[in-house]
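For the sequence shown, the tail end lands on 129 under our numbering, and the numbers increase by one without skipping. Down below is the structure, laid out as structure tokens.
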Amino acid sequence: MLDTLVFHGYDAFIVKTANLTPQELEAELGEKLKTLRLAKNLGQKTLAERAGISVRAVRSLENAEGSTVKTLVCVLRALGREAWLDTVAPIATVSPLALSREAGPRQRASRRARTEQP
12 MLDTLVFHGY DAFIVKTANL TPQELEAELG EKLKTLRLAK NLGQKTLAER AGISVRAVRS
72 LENAEGSTVK TLVCVLRALG REAWLDTVAP IATVSPLALS REAGPRQRAS RRARTEQP
């Protein structure tokens, strides 16, 4: 069994958030979304219109007052960050180094190149 998996940045998120409560995680996510919204110079009303949700839903998401996955997805799309969803359940890939370690000893020699006889 291979023991080395690469999760493309996912491990860093796990380490940082491992000791946070669900409420703290929700607050951190809300802050990040608010920071992103402000960086794009969008008001809550404009973001709500682009996302097709209410201003109250945006406010609840940013203030960690309880929200739905649907609201989160709508906001991520409106902010152009729907690719973030790919990090929620990343596809594990095997590192080339792990593959070479697992390969074991060679079983056969390579084919010899044919040489022309005079």
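Backbone N, C-alpha and C define an ideal beta-carbon position, used for all residues, glycine too.
Of the residues V66, T46 and S78, the one whose Cα lies closest to the Cα of P33 is S78.
S121 has its alpha-carbon roughly 59 Å from the corresponding atom of A38. Between G41 and A75 a beta carbon distance of about 5 Å is seen, short of the 8 Å cut, so the two are scored as contacting. G63 sits in coil when the DSSP states are folded into three classes, being neither helix nor strand.
When secondary structure is reduced to three states using DSSP, E76 falls in the coil class, being assigned neither helix nor strand. The Cβ-Cβ distance between E73 and L36 does not fall below 8 Å. When rounded, the separation of the alpha-carbon atoms in R67 and G91 is 20 Å.
For A120, the three-state secondary structure derived from DSSP is coil.
Taking the C-beta atoms as reference points, L49 is found no nearer than 8 Å to V86.
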